[in-house]
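Numbering (UniProt numbering), first residue to last: 1 to 145. Take a look at the structure set out below.
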Amino acid sequence: MAVWVTTTGCHIPEHAIRAGYEADGRPLFIARASMEGTLTPGKCGFHLPGAHIPYGCKENIAHQYEVLVHPNNAQGFYDWRRACLGKVPENALKTDTDTYVGRAYFSGSLVPCKIATSYPHMCAYMGYGGKEHNAKDYEVLCKIK
């Protein structure tokens, strides 16, 4: 089973789950940090100063955060499932109430992000260029075994 590992800055733990990429090909990983008491997923990478978390209409940088890691000896498998309009498949990876791990395409990048399932949100939110952007179509990380 995947586990959350605490880190800081641009330090990405061994066996971090690569979930996307920047437009120039640099890898992006799944991060989460507390935003006003909500564990919110976002992106991190070797080239970023911390986790970039979409929250409150902007891209927030958390210098201490957690990264999703799947060690070699871990049991269980995960896969990405397509969804849209605030829906998530069965066994979606949840980080908090009505908040799930996802990824979506934006500006030539595949960006790890949060999926908000509550009204009026019902979409994927990603941090990019200092702002929070949304997408109606996205993929959700799901445990499949």
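For each residue, glycine too, the CB sits at the ideal point set by N, CA and C. Owing to the predicted nature of the structure, the values given are computational and were not obtained by experimental measurement.
Three-state class that DSSP yields for residue i in the structure shown
i: F29; result: strand
i: L39; result: strand
i: A51; result: strand
i: F106; result: strand
Beta-carbon proximity check, residue i vs residue j, cutoff 7 Å
i: S118; j: D98; result: yes
i: E132; j: Y125; result: yes
Beta-carbon contacts of residue i that lie in its chain and below 8 Å, excluding the five residues immediately before and after
i: R18; result: P27, L28 and F29
i: Y21; result: P27, L28, S109 and L110
i: N91; result: C142, K143 and I144
Proximal residues to residue i (C-beta, below 7 Å), its chain only, five neighbours per side dropped
i: L46; result: As written in the sequence, residue 46 is Phe, which differs from the Leu given in the question. So the list reads C10 and I12, once near-sequence residues are dropped.
In DSSP terms, what residue i is bridged to
i: L68; result: W4
i: M126; result: H133
i: N91; result: Answer is none; N91 lacks a bridge partner.
Spatial neighbours of residue i in its chain, beta-carbon cut-off 6 Å, leaving aside the 5 residues before and after
i: A2; result: L68 and H70
Residue i, buried or exposed, once every other Cβ within 10 Å from all chains shown has been counted against 16
i: C57; result: exposed
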